[in-house]
Amino acid sequence: MYPVWEVPYLTAGGVLALIATFHMLPSHLATSAMWLSVYLEGKAYREERPELLEFVKKYSKFLLVFSYVFGSLSGVGIWFSATVAAPRGISGLIHNYVWGWATEWVFFLIEVAGIFLYTYSFDKVDRRTHLTVGWVFAAASWTTMVVIVGILTFMLTPGRWLATGGFFDGFFNQTYWPQLLLRTTAMFALAAAFAVLVAARLKDERARAEVVRAAGVTGLAGTLLGAACFAWYHASLPAALHDVLDALLTPALGRWMLYPALAVGLYFAVLAFKPLRVGTAAALGAIVVLFASVFALERARELIRKPYLMPGMMYSNQIIGADLPAKGVGSDAGRFARTGILAAAPFVPEGLRTLGDSNRAEAGRMLALLECSACHTLQERGLRPLPRLVRGLGMDDPAAMTGFLDALEGYPYMPPFVGNQAEKEALAAYLVALARNGR
Amino acid sequence: MQTGTMLSLLQDPMGVPFYPAVFQALMVLTFALHILFVNLSVGTTALAVFGRLKGGERWTALSRGMGKSAAACVSTAILLGVAPLLFVQVIYDPFWYASNTLSAAWVIAFVFVMMAGYGSTYVFTMRSEADRLGLAAGVFSLAMFLTAGFTMHALNFQMLQPEKWLGWYTQAGAAVTSGLVLHDFSLPRFLHFIVPAFAATGVYLMLYARYFEVRPDLDKEHLSWVGRLGGGLAFWTTGVQTLAGLGWLLSLPPEFRFYAHPVFMLAAVLGASLLFFLYEARRSPGGPQRLAWPAAGGLLATVLAMAAAREALRGLYVGRSGFTAMSHRVNLDLASTALFFVTFALGLVVLAWLLSVAYQAGRTAGRWEAGPRMRRWGWASVGLLAAWLAVVAGLGVVVTLKNAGS
């Protein structure tokens, strides 16, 4: 258990979610844009159409700046924010999947060398070589997705890994294939939406119409296939996750997942059949709408992981709740129940390690920080604010509150309380006081 | 709680999938490359700004070249930074995570500082010389890169002092959870990481002059000026770097006796030889750029040795609490280890093709034509990537079928 970072209103996890969601745009563009680009470049050469090449140049420049300034840095940002939001979680992932990340990094090297070379060498190398550079880039960038999806889905459904601890058992888990295909199809929709944006600034009528039509077809195919993959993905989720989803998915979030995707599908369909002139603002609007549905999907994916960071093993508050014999890991829960979590967790101020009358309130806050703050702010407003939720329970005596903490296990989306009886009572007293005076 | 107990409680219980020494070696190697490009990023940006301030034909042209170089160097630095960032978390997890969470706000700010700085290098390169906004963007980039560098320095310095962590985390008996404070830094150490920005950029200028001298369309006079400028810059700032290093050495805890450490001594000897070599290079008849390649080799060797020395020093720091990076339990996972090393070997083949296309195209005026060998190598690169995908997909299907229903 490392130091807790409290972010007012948002929680540290909220910061991670924001950065991760933003990263979706540049990263999925990076993996998909080049396919469209090399297709159009090849066409430009075959049919001697320099005006199409003009689009390809603009598009790749956009890709370079957007995906490799903001994309690579927001990717690093996800990592840093995970580090400060849930260090033990990211540590566990890394200690299992370090070679997976290192493998992705190799393709990342190829990608970055490739995009610089591609963008700056249209007039510097012969056409065939330039196209080959494009293909190398396209293949390497999609491969980064092939790798990272294994790690992402592992966090959702670790599958046989829980028994064997084997890298590939966790990697090729039950949601791997549907998720890989879902992201692959969605990325083409995104590439298409960005292509329309870049094409909006082309002067040549015919080239613009052609690019917009190609984008419309790609985008439509991406959206339709994406919908099919989503259904498959949904069906592949285990029952426990469906329970959490049923408990937490609000109708609003459901609508956010559906309607923007429909709107974008319609947009592409129109463009595929009638490649209209779309202005920059409208094209940006389409990207925002598409992003809204991706955002909702990611939110839902985060929701169903609760109460775990590593399903079946590490809770969202980074407490390890089960043994993992394959890796020689013992659960924290039993140990903390015996010794008390305040005594055994490394980052607890020394004065709070043993409970007494003078430090009970502060110790209660420390317990809330350790066990609840991953999902709740301790303030009046913000992400699932504890004072309000506790008030909502209508309990204002510590004994009843202790009973609630005993019952935490009954919630499909919250981890159980971990620690000894005295600590449980201190936390209960703190929560009651928090609900009463907001402190 | 005893610092040693605390560290062993923090250490990840899942162990590591291969021998820690291998992660350590990869970490040192990739860190050396990373810091070299960090140095080049800072140095080329500084030179680009300086050139634009100075004005005149030569400096303006140089400034333009440096602006473009900066964008590529920053990208490379980020790319190469990912690897040591990964490996440090494998073998120094308690240290890295504690230091980061104690200053969490800075860790997040680092990302945005880098985005702002990097984004504005493009503003700098896209604006004309007369435009003040362009200049401001360059100055801003430089300031951001230095801020980011300082933040990383502080995080890496905090991690070496586990005995102070709990004190930093506690105020008036309660936990401090704002993450707003950088708790410690060491100026001599920071300087030793920043001064080489100029030495590295000097060598880079020598290479620049050497690389482009075969281009008939470029101004020989200008290139030769660039080469001489680089030689001077490299020599003098390597001299300053030697002093900065001495300053750092003196600031270390005396009980380390680091000056007597063999890895440090090797690095120091290499550094001194580089200084001497650069001195000689300046007097070379064709200008220092004649010796650009050996100078670059010497610089790389020195940086590698210094990175190893830095790691040795870290070992001394963490050893004070009884920790060693070798103490991780090994849960051997040969399959994923093989995946990485095979991919790495294959990736280098592909990467080398890209770099060699870039190298040859850059030295050609007009359009470069690939010969049959380069063409085959290109196809082989696409083929290797396709083969990788086919093998991994096949493996995936086998694993999926094996695990289905269990």
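For the record, the sequence lines run as chains A and B. In this text, residue positions in the first sequence follow our numbering: the first is 1, and each later residue adds one. In this text, residue positions in the second sequence follow our numbering: the first is 1001, and each later residue adds one. The beta-carbon is built from N, C-alpha and C at its ideal position, and this holds for glycine as well.
Closest in C-alpha terms to S67 of chain A, from the list A:P398, A:F22 and A:W105, comes A:F22.
Listed by position along chain A, the residues whose Cβ is nearer than 8 Å to that of A1130 of chain B form an empty set, because the closest Cβ is around 23 Å away. A direct Cα-to-Cα measurement between H28 of chain A and S141 of chain A gives close to 9 Å.
Cβ proximity to chain B below 8 Å picks out nothing from the stretch 375–407 of chain A. M155 of chain A counts as buried, since no fewer than 16 other beta carbons sit within 10 angstroms of its beta carbon. Against Y1122 of chain B, the close residues of chain A are V65 and V69, in the order they occur along the chain (beta-carbon pairs closer than 8 Å). Annotation: S1327 of chain B to Y1092 of chain B spans about 10 Å, alpha carbon to alpha carbon. The criterion of a C-beta distance shorter than 8 Å is not satisfied by F1037 of chain B and V1330 of chain B. Nearest to A44 of chain A by C-alpha distance, out of A:E210, A:G254, A:M401 and A:Q421, is A:E210. The three-state secondary structure of A1175 of chain B, taken from DSSP, is strand. Annotated as proximal: L290 of chain A and L190 of chain A, with beta-carbon spacing under 8 Å. At a cut-off of 8 Å, the C-beta of G419 of chain A has no neighbouring C-beta in chain B. Those residues of the stretch 1338–1355 of chain B placed with their C-beta closer than 7 Å to a C-beta in chain A are L1339, F1340, T1343, F1344, G1347, V1350, L1351, L1354 and L1355, ordered along the chain. The beta carbon of F1256 of chain B is closer than 7 Å to those of L1316 in its chain, skipping five residues each way along the sequence. Taking 8 Å as the cut-off, the beta carbon of S1381 of chain B is found closer than this to the beta carbon of W1353 of chain B. For A140 of chain A, a Cβ of chain B is located within less than 8 Å of the residue's own Cβ.
A368 of chain A and A30 of chain A have their C-alpha atoms some 41 Å from each other. For M187 of chain A, the enclosing alpha helix (DSSP H) starts and ends at Y176 to A199.
Within the stretch 1282–1346 of chain B, the alpha helix (DSSP H) runs of at least 4 residues that lie entirely inside it are, in chain order, 1292–1319. With contacts defined as CB atoms closer than 8 Å, T1044 of chain B and T1238 of chain B fail to qualify as a contacting pair. Here the alpha carbon of F1212 of chain B sits roughly 26 Å from the alpha carbon of V1123 of chain B. Remark: fewer than three beta-carbon pairs, one from each stretch, lie closer than 8 Å, so the stretch 1002–1020 of chain B and the stretch 1051–1060 of chain B are not flagged as touching.
Under DSSP, no beta-bridge partner is assigned to I94 of chain A.
When Cβ-Cβ separations below 8 Å define contact, Y2 of chain A makes contact with chain B. In this structure, M1014 of chain B sits away from V98 of chain A, with a CB-CB distance that is not shorter than 8 Å. It is roughly 5 Å from the alpha-carbon of L197 of chain A to the alpha-carbon of A283 of chain A. Here I1078 of chain B is actually not in contact with V1303 of chain B; their C-beta atoms are around 18 Å apart, not less than 8 Å.
The contact set of K124 of chain A on chain B, defined by CB atoms closer than 7 Å, consists of A1361, R1367 and W1368 in chain order. In the three-state reduction of the DSSP assignment, Y308 of chain A falls in the strand class.
In this structure, the alpha-carbon of A1083 of chain B lies about 34 Å from that of P415 of chain A. Sequence-ordered contacts of the stretch 1192–1220 of chain B with chain A are nonexistent [C-beta pairs closer than 9 Å]. About 31 Å separates the CB atoms of L152 of chain A and E41 of chain A; that is not less than 8 Å, and the two are not in contact.
Going by DSSP, K424 of chain A is part of the alpha helix (DSSP H) stretching over Q421 to N437. Between V1042 of chain B and L1146 of chain B, the CB-CB gap stays under 8 Å.
Within chain A, no residue has its beta carbon less than 8 Å from that of I1035 of chain B; the closest one is some 16 Å off. One alpha carbon belongs to G71 of chain A, the other to V147 of chain A, and they sit about 17 Å apart.
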